[in-house]
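> Next up is a structure, given as structure tokens.
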Amino acid sequence: LPHDIQDQMLSHICLKFKTEGLKQQETLNNLPKAIRSSIANYLFFPIVQNIYLFQGVSRDFLFQLVSDIDAEYFPPKEDIILQNESPAE
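Shown next, in the form of structure tokens:
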């Protein structure tokens, strides 16, 4: 295989290994909503509050927003194709 494909495969495997513990959405979904919200706030609030788009909005809004966030990881140099999106060249 070409080196770029080998690098993509290796990056994907390494990232999957590193993030496997973070992608336990099924386990999280079995927890009570209050605990899920606390976990989401701990993980995502510090990141979201520093995003330019959300500057000036209330803390309550940010807490509600992060309660609905699911983490998704993409390895470096990965091509991302959105569902129902026409390809751009």
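Under the UniProt record's numbering, the residue at position 49 of the sequence shown is numbered 49, and the numbers go up by one with no gaps.
Cβ atoms here follow ideal geometry from the backbone N, Cα and C, with glycine treated the same way.
Predicted model, so just to flag it, every value in this text is computed and none were measured.
Quick one: give me the first and last residue of the alpha helix (DSSP H) that residue 77 is part of.
Counting from 1 along the sequence shown, the entry for residue 77 is found at position 77. Element bounds for residue 77: n/a, residue is neither H nor E.
> Roughly how many angstroms lie between the CA atoms of residue 78 and residue 3, to the nearest whole one?
Taking the first residue of the sequence shown as position 1, residue 78 is located at position 78. Taking the first residue of the sequence shown as position 1, residue 3 is located at position 3. The straight-line gap from Cα to Cα measures roughly 14 Å.
> Just to confirm, are residue 54 and residue 62 a CB contact at a threshold of 9 Å?
Start at 1 with the first residue of the sequence shown, and residue 54 comes out as number 54. Start at 1 with the first residue of the sequence shown, and residue 62 comes out as number 62. Closer than 9 Å, so yes.
> Please state whether the Cβ-Cβ distance between residue 41 and residue 66 is less than 9 Å.
Mapped onto the sequence shown, residue 41 falls at position 41. Mapped onto the sequence shown, residue 66 falls at position 66. Yes, Cβ-Cβ distance for residue 41 and residue 66 is below 9 Å.
> Taking the alpha-carbon positions, what's the residue 70 to residue 39 distance?
For the purposes of this step, residue 70 is taken as the residue at position 70 of the sequence shown. For the purposes of this step, residue 39 is taken as the residue at position 39 of the sequence shown. Rounded to the nearest angstrom, the two C-alpha atoms are 11 Å apart.
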